[in-house]
Amino acid sequence: MSGPAALPLLTHDGERHTRATETVTALDGRPAAVLSLSPDLLTAQSLRALARTAPLPAAERARRLRAAARHFLHDELGGLTFGRYRACVARVSGHNAPLTDQLTRAVADAVAEAPDRADRARPTGSLPSWRQVPAAGSGVWTRRGETVAAVLSGNTPTIHGGWLQALALGYRVAVRPSRREPFTAHRVVAALRAAGFRPADAVFLPTAHAGVPGLLRRADLALLYGGDDLVAAYAGSPTVKVAGPGRAKTLVTGGPASPATLGAVADSVTALSGTACVNTTAVLVEDDHARFARDLAALLRARAAGRQTTDRHLGPRVTAPAADALLAYLSRHAAHARAEIPLQEIATPHPDGGVVLGPAVFTVPTQDDPLLGTELPFPCVWIAPWSRAAGTAPLRDSLVVNAITDDLALVDALLDEPTVKNVHLDTPTVHGAGHLPHEDYAGTFLMRNKAVVTKGGTG
Amino acid sequence: MTLPTLPELEDSTTPVDPEEFLHAALRWHFTPGTGSPLWLDLARELDFDPVRDIRSWADLGRFPDIAAPLRDRPVADLLPAGLAGDPPPSVFETGGTTGSPKRLLYTDRWTRRALEWKTAELRAAGFPAGAPWLVAMPSGPHAFGHTTRAQARALGSVLHTVDLDPRWVKKLIAAGGDPAPYLAHLADQLGHIIRTQRIGALTTTPPILTELLLHDDLADRLRDSLRYLALAGAHLDDDTYDLIAGALPGTIVQNIYGSTMVLTTARLRDPAAPPPLAVYDGYPPYVTFAVVDPDNHTPVPYGERGQVRMTHLSSGVFIPNNLERDTAIRLPAPPGAPGDALSSPQPLAAFDGEPVVQGVY
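One line per chain: the protein sequences are A and B, in this order. Residue numbers for the first sequence follow our numbering, so the first one is 7 and each next one is one higher. Residue numbers for the second sequence follow our numbering, so the first one is 55 and each next one is one higher.
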């Protein structure tokens with residue numbers, strides 16, 4: 007095992023190692039990286055340089071993004087080959103080996119496809135450039151600002167999709183990575199530079215927690231990822247788009263669930279290590295919910311059997327203190343819920359260090375139980391009864407609802423419900439694709455429409 | 055009965071025996087007729103006799119924290135009776151970082167002594183005496199703005215000032231507000247001065263300097279004329295210092311560390327040392343530092359970080375044992391001097407349960 011990787015800042019002025027550093031600790035307790043931390047003055051200088059840099063032309067951005075995806079997969083960047091980078095992510099993120107491989111490769115897709123994904127948000131009434139406007143005039147899709155701060159959290163490498171779309175749209179972006187998994191952000195920015203993006207197109211600026219307000223203040227717009235506290239703090243801001251907990255839910259109406267339905271729900275609980283906002287947190291069942299819970303628990307136990315101490319473990323590997331804290335939380339708050347899988351069975355020490363958590367299945371007695379909104383960072387699902395009389399009420403405040411139902415009026419009601427952000431029909435909540443909105447399209451937040459009318463037309 | 059005397063010297067270079075001074079100070083402050091009503095009252099509540107039982111500098115740790123009476127008592131109670139005939143003292147207040155402010159008396163004797171030290175040190179550091187000096191630090195109830203005015207006079211420099219209200223900014227930030235408009239307002243005011251005057255010396259806080267350096271025209275003017283820069287009032291981290299040194303080559307940069315509670319800022323052992331290497335001494339025997347374990351208040355080993363404790367003993371003020379809201383690395387004091395020297399001071403994350411809010415100050 008070599009020493010921890012040094013992750014310098016990637017500023018507008020090149021690479022910089024700072025005296026203030028933070029050690030990124032792997033799940034086995036050993037140091038995985040020494041992260042430089044940007045002081046406020048440097049953050050401000052970088053943002054100013056970004057604001058003063060004119061964007062590259064759109065076609066060139068698209069070409070360089072495609073090239074950057076190749077550099078991301080194939081180059082040694084910051085001293086790390088793709089394989090070593092992936093190993094670093096595995097050591098800190100807690101995802102199992104196949105998932106780490108899949109997610110890190112998906113980052114390259116997010117880089118290459120950023121222009122196309124961003125363009126999905128463009129209204130049919132707007133053109134991408136005023137140079138295409140016909141004589142009658144048209145809306146033109148334009149940036150709301152020039153710089154974006156991306157304040158990232160969590161451990162899923164695909165969190166980078168949003169800011170990459172901003173870059174594709176011509177924004178200059180300052181990325182403040184998660185201090186738990188800074189490797190992906192560093193590698194993406196390094197790959198962009200290798201592909202010919204200028205230092206002032208995208209910067210990698212880890213900061214201490216206290217550095218975030220300064221970063222947000224200096225950028226025109228911000229993409230922010232975090233918990234309920236951040237959502238509450240910035241929910242009213244027109245220049246900050248906050249992505250918080252998902253509280254995704256699955257609804258199963260009608261008679262007993264088919265094996266396919268159970269399988270889809272199991273996928274929704276465990277995909278992405280059960281740590282993502284799109285993982286199903288609660289299942290509402292019209293038929294016998296207790297039986298559904300028992301069947302789901304049996305299926306998940308079977309799927310986890312024999313894997314939890316291998317590199318294909320089901321559920322995330324977390325540090326032992328984090329596992330203890332989560333289990334203590336469950337004992338305190340879930341005492342009235344029925345554990346369909348005994349609590350002592352959901353934490354398995356892993357030979358590589360840390361503890362693999364999940365799966366956990368609980369039954370709660372009513373559809374308004376507060377536990378249904380309790381999103382924990384491992385495969386943990388709450389099963390509750392549902393009745394037609396309740397309608398969409400128990401499904402509110404969800405990033406995704408998967409409705410396994412023949413009731414089309416109910417589907418209509420879910421689409422009309424303002425606090426449900428995405429609706430899946432008999433498709434796991436974890437099913438996502440780059441061309442679909444997540445919390446709306448990034449472009450809806452980043453862009454606006456201006457009328458352009460030209461004498462005689464330019465197109 | 056003969057009243058005690060305190061052998062304070064007009065000349066700071068004459069050696070004072072620390073032990074003799076300690077005992078004289080204890081006699082002065084705990085004898086009716088020379089001591090203050092505050093300390094004579096507090097002495098009745100102590101479970102020891104200060105004059106008889108305090109034998110060493112380390113024993114000063116037995117005194118209780120006196121923050122509460124400094125916040126609540128009329129300042130007349132703080133004045134030692136032995137100074138009754140002197141000119142009235144100045145009243146300055148702490149920043150109010152940790153609740154309501156504490157009031158301290160800066161006697162005429164102390165003010166003159168400190169001014170002599172500070173101006174000599176500024177000259178030694180390379181301060182451009184006679185060149186315009188811009189100070190953006192708090193005045194009002196705070197000492198900093200007033201002592202710099204006296205220093206400018208003594209150094210023959212014209213003083214330009216922009217005032218700060220650190221308490222308002224801290225309140226704003228603690229309430230979740232955005233300090234940016236206030237910082238911009240300060241930068242506006244400073245900009246008028248920097249654009250029109252040839253500023254040779256600047257004293258301000260790191261966040262305000264950061265704001266100034268983001269204005270190219272102001273950074274250019276300062277790069278051209280500035281010879282001396284003092285940063286105070288908020289933590290200066292080493293990376294920010296590196297950036298400032300890069301932006302203002304040829305300017306002497308000092309990080310000023312002190313406390314209203316001991317009526318002065320620390321003495322920089324090498325006035326020209328860059329802040330990451332700076333060693334901060336007290337003014338023994340009047341002002342001394344200790345670096346202690348925050349939990350049991352015993353000294354940490356040399357070279358290790360602990361909480362800063364400060365002591366001020368003079369005819370006007372007796373602050374035996376003040377725990378600061380900072381940590382620092384403990385270094386040996388100069389030979390023969392009581393207490394410790396400090397390096398790399400930085401704020402404690404929280405103090406007495408109330409979070410410490412840093413702002414532009």
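Beta carbons: idealized from backbone N, C-alpha and C, even for Gly. Bear in mind the structure is a predicted one, so any value in this text is a computation, not a measurement.
- A contact is defined here as three or more CB-CB pairs under 8 Å, and the segment 173 to 188 of chain B fails this definition with respect to the segment 151 to 160 of chain B.
- Contact annotation: S144 of chain B and T173 of chain B have beta-carbon atoms that are not nearer than 8 Å.
- Contact annotation: A73 of chain A and A201 of chain A have beta-carbon atoms nearer than 8 Å.
- DSSP lists A:W147 as the beta-bridge partner residues of N455 of chain A.
- Boundaries of the beta strand (DSSP E) around Y160 of chain B: R157 to Y160.
- In the DSSP annotation of this structure, the continuous segment of the beta strand (DSSP E) that includes P355 of chain A starts and ends at A353 to P355.
- Exposure of D119 of chain B is indicated by the presence of fewer than 16 other C-beta atoms within 10 angstroms of its C-beta.
- The segment 58 to 112 of chain A contains, as complete alpha helix (DSSP H) runs of 4+ residues, the segments 64 to 80 and 88 to 99 (chain order).
- The Cβ atoms of V345 of chain B and P353 of chain B sit closer than 8 Å to each other.
- By a beta-carbon distance limit of 8 Å, V307 of chain B contacts P329 of chain B. Their separation comes to about 6 Å.
- For secondary structure counted as the beta strand (DSSP E) over 3 or more consecutive residues, the segment 244 to 301 of chain A holds these complete runs in sequence order: 246 to 249, 254 to 258 and 286 to 291.
- Residue-level contact by beta carbon holds for R25 of chain A and chain B, with a gap shorter than 8 Å.
- In this structure, DSSP gives M364 of chain B an extended state, which the three-state scheme calls strand.
- With distances taken between CA atoms, I248 of chain B lies nearest to B:R275 out of B:P235, B:R275, B:S369 and B:N350.
- Within the DSSP bridge table, the entry for Y236 of chain B names no partner.
- At least one CB atom of chain A sits nearer than 8 Å to the CB of L267 of chain B.
- Interface flag for D226 of chain A against chain B is unset, since no Cβ pair is found closer than 8 Å.
- For secondary structure counted as the alpha helix (DSSP H) over 4 or more consecutive residues, the segment 101 to 183 of chain B holds these complete runs in sequence order: 104 to 107, 121 to 126 and 162 to 179.
- Checking the DSSP bridge columns, you'll see P386 of chain B partnered with B:D394.
- When CB distances to chain B are screened at a threshold of 9 Å, the residues of the segment 31 to 48 of chain A falling below it are S42, L43, S44, P45, D46, L47 and L48, in chain order.
- Bounds of any alpha helix (DSSP H) do not take in Y231 of chain A; it lies within the beta strand (DSSP E) bounded by L227 to Y231.
- At least 8 Å separates the beta-carbon of R25 of chain A from that of L15 of chain A.
- By the C-beta density criterion, R36 of chain A is exposed, having fewer than 16 other C-beta atoms within 10 angstroms.
- The Cβ neighbour count for S99 of chain A, taken over all protein chains shown within 10 Å, is at least 16; the residue is labelled buried.
- Fully contained in the segment 365 to 396 of chain A are the following beta strand (DSSP E) runs of length 3 or more, in chain order: 366 to 369 and 386 to 391.
- Among the residues facing chain B, R338 of chain A is not included, as its CB has no counterpart in that chain under 8 Å away.
- DSSP lists B:M364 as the beta-bridge partner residues of N376 of chain B.
- Here R149 of chain A really is in contact with G176 of chain A; their C-beta atoms are around 6 Å apart, less than 8 Å.
- For the segment 294 to 323 of chain B, the beta-carbon criterion of a distance under 7 Å to any beta-carbon of chain A is satisfied by T294 and L297.
- Non-local beta-carbon contacts of G217 of chain A in its own chain, meaning distances under 7 Å to residues more than five positions away in sequence, involve S44, D46 and T49 in chain order.
- Taking the CA atoms as reference points, L170 of chain A sits about 17 Å from A57 of chain A.
- Remark: C-beta atoms of L256 of chain B and L188 of chain B approach each other more closely than 8 Å.
- For the options A:S52, A:A32 and A:L41, the alpha carbon positioned closest to that of D19 of chain A is the one of A:S52.
- Taking the CA atoms as reference points, H166 of chain A sits about 58 Å from A208 of chain B.
- For P355 of chain B, the closest C-alpha among the options B:P91, B:T342, B:F102 and B:A395 is that of B:A395.
- Take A327 of chain B, set aside five residues on each side of it, and the residues of its chain with a beta-carbon closer than 8 Å to its own are V333, in chain order.
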